[in-house]
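To start, the structure itself, in C-alpha cells.
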Amino acid sequence: MTEFTPPTHPDPGSQGSLTAPTTLMHGSSVQPPDHPVPLHIPHRSRDVAAADWLGFPAPIPDRWAQVAVSKGFRIDRRIRDRYHVALTCQTCGGQTASKVYTLMTAEPRCGACAERRIRDLAKAAGVEFLVRDPEDHVYGWFRAPCGHELRRQFELIERAAAGICGVRCETCHAAREAEEAEAQGWTLIGPDPSGDRNYRIYRHGCRQEQRIARANMQTGRLDCGGCGESWASKPSNIYLARIDLPASGLRVLKLGYSSNPKHRFRYQLGLPRDAEVELLRLLPMPTGHAACAEERRANTRLAKRYPDAVIPVDAYAGEINVVSEIYCPTLLPVLHKVLDGIEARINPSGANSHADPGSDMPDGGEDDDPAHGPDGGNDGRSGNSTTPS
Ligand SMILES: [Zn+2]
Ligand SMILES: [Zn+2]
Ligand SMILES: [Zn+2]
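The opening residue of the sequence shown carries number 11 in this note's numbering; numbering runs sequentially from there.
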C-alpha cells in the first residue's frame, strides 16, 4: 500500500509532481451515516458533507418510482432534503444520489457503473485508477506501473485504453531525458520557450545554453555555439553488434556508428525490452564525420554485394527502429573483414590492428572487397582492447 501525502502545491495545472489527494479516497462515493451502502455522489454535489446525506422521512410518490424503473433504477429512499433520492442501479446494485428533477427530466447515471468503467479503462490503459480529482471532475489520479501518481483527464485514459495514445509518466520521462543529455555532456534545462515539443533548452559543459532538438541530443549530432565543439569533430565509434529479438526469433547483426553505442542501443533503436544486444566489436574513430562516412560507405557496399544477407525491413519492423544496416548472422566474417579494412585505413601504422595489411591498402581502399578471404579466421574475435568511454 502506498501512503498518500497531501499535495504541497495545490496547483491543478501541474501534472506528475503531486500525489493523489487524500479526500474522496473512495472515488465518487461517500458513506452515509444512517445507511450501510456507499452512496455515489454526482460531481456537482461533491462538496456536500457525507453527514448531510441522511435519510429524509417522506413517502416516495408512485410516479417517481415508475420513472425510476423505466430508467434502470429503483428508488431506495429519499435523502438529504425533499429534492433528493437515493437510486439503486438495477444493473450493479450500487446506489447513487440524484436530484428528483434529474430523475424525472433526464437520464441519471449510476456512479458505481461509471467508476467501474473508469477502473476498467485505466487497466486497459496500463494504469491503476486511484481517485477522482476533487477540484475538477474531468480529471482523475492514476498510478503508473513505475509507481508514480499521475493526474490525467478521463478522456485521455479512454483514448489510451483504445490504444490511440499512451499514458506517460513525466517523472520517469524527465529522468530519461536528463540522462540522454548527460551522456552527451549537456544538462537538460527545460522545455522550449516557444512551445515546440521537439525542442528543449540544454546547457553544455562550457555553460552555453542552447535550444536543441531532442532527437539530435539522442543521436549526439549537435554543435555547441559556445565552445564550437561539434558532433562531426568529436570522437566516435563504428560498432558491430549482434541483436537477438525473442519475439520474432530473429538473430541479426548491425553495423553502425555512434559516439555512445551502448546509449544508442538503450534509447534510440526502439528495441523491445527482452532484446539482447551483444557488442561484438567497437572501432574507435577520430571524429563523428569519419565514422559516419566510413559506416555509410561500408553499408552501401555490403547492400550491393550481399543483397541476400540484408534482412528485409518487414522482418524486424516494429522491433528495431532503423530501415537498413541489418544483416544475417552468416555475414559476420565479412563484417569483421570490413572493420579490419576501416581500422587499417584509420590507423595505417597498424600498431593495434588485426587486419591483414595486404587485404586493404590505405591508398587503394576504394575498391576493397569485403568478401575477400571470408574464411580468414576472424570468427572468434569478440571485440578489441579499446574500452569505450
Ligand atoms: Zn450501476
Ligand atoms: Zn514514473
Ligand atoms: Zn560548449
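Just so it is clear, CB atoms sit at the ideal spot from N, CA and C, and this is done for glycine as well. Nothing here was measured: the structure is a model prediction, and the numbers come from that model.
Residue selection by CB proximity (closer than 6 Å to any heavy atom of ligand 2) returns Ala-154, Cys-156, His-158, Cys-179, Thr-181 and Cys-182 in chain order.
Remark: C-beta atoms of Ile-248 and Glu-335 do not approach each other more closely than 8 Å.
Of the residues Gly-150, Val-344 and Ala-285, the one whose Cα lies closest to the Cα of Ala-313 is Val-344.
Taken in chain order, the complete beta strand (DSSP E) segments of 3 residues or longer contained in the stretch 103-164 are 105-109, 138-142, 149-153 and 159-163.
Fully contained in the stretch 255-300 are the following beta strand (DSSP E) runs of length 3 or more, in chain order: 260-268 and 286-295.
For Val-323, the three-state secondary structure derived from DSSP is helix. When Ala-60, Glu-190 and Gln-76 are compared, the shortest CA-CA separation from Gly-230 is found for Glu-190.
For His-94, the closest alpha carbon among the candidates Arg-84, Trp-63, Asp-72 and Ala-116 is that of Trp-63. Around the beta carbon of Thr-106, 16 or more other beta carbons lie within 10 angstroms, which makes this residue buried. When the five nearest sequence neighbours on each side are left out, the beta carbons in the same chain lying within less than 6 Å of the beta carbon of His-158 are those of Cys-179 and Thr-181, in order along the chain.
Excluding its 5 nearest sequence neighbours in each direction, Asp-91 has C-beta neighbours in its own chain below 8 Å: Phe-66, listed in chain order. Around the CB of Val-141, 16 or more other CB atoms lie within 10 Å, so the residue is classed as buried. Look at Gln-218: its beta carbon is less than 7 Å from one of the heavy atoms in ligand 3. When the alpha-carbon of Arg-88 is set against those of Gln-100, Trp-74 and Val-148, the nearest one is in Trp-74. Here the alpha carbon of Pro-201 sits roughly 27 Å from the alpha carbon of Ser-243. Under the 8 Å Cβ criterion, the stretch 137-151 does not count as touching the stretch 96-115, having fewer than three qualifying pairs.
When rounded, the separation of the alpha-carbon atoms in Leu-265 and Cys-175 is 32 Å. For Ala-60, the shortest separation between its Cβ and any heavy atom of ligand 1 does not lie below 7 Å. Arg-153 and Leu-160 have their C-alpha atoms spaced approximately 6 Å apart.
Inter-residue distance for Pro-271 and Ala-301 is about 12 Å (C-alpha atoms, whole angstroms). For Arg-119, same chain residues with a beta-carbon under 8 Å away, outside a window of 5 residues either side, are Pro-52 and Thr-106 in chain order. Spanning the alpha carbons of Ala-303 and Gly-205 requires a straight line of approximately 35 Å. In this structure, Ala-327 sits away from Val-287, with a CB-CB distance that is not shorter than 8 Å. For Asp-350, the enclosing alpha helix (DSSP H) stretches over residues 342-356. Val-320 and Asp-143 have their C-alpha atoms some 53 Å from each other.
Boundaries of the alpha helix (DSSP H) harbouring Thr-181: 180-193, taken from the DSSP string. Between Ala-257 and Glu-329, the gap from beta carbon to beta carbon is short of 8 Å.
The DSSP-derived three-state label of Ile-248 is strand. Apart from sequence neighbours up to five positions away, the residues of its chain that approach Gln-41 with a beta-carbon distance below 7 Å are Pro-48 and Ala-60, ordered along the chain.
Counting every other CB atom within 10 Å of its CB across the protein chains shown gives Ser-269 a total of 16 or more, marking it as buried. Just so you know, the alpha carbons of Thr-98 and Arg-186 end up roughly 48 Å apart. At least one heavy atom of ligand 1 lies closer than 7 Å to the C-beta of Ala-122. Note that the C-beta distance between Ala-193 and Tyr-209 is not below 8 Å.
Per DSSP, reduced to three states, the secondary structure at Trp-63 is coil, with no helix or strand assignment.
Residue pairing of Glu-219 in beta bridges, as defined by DSSP: Arg-213.
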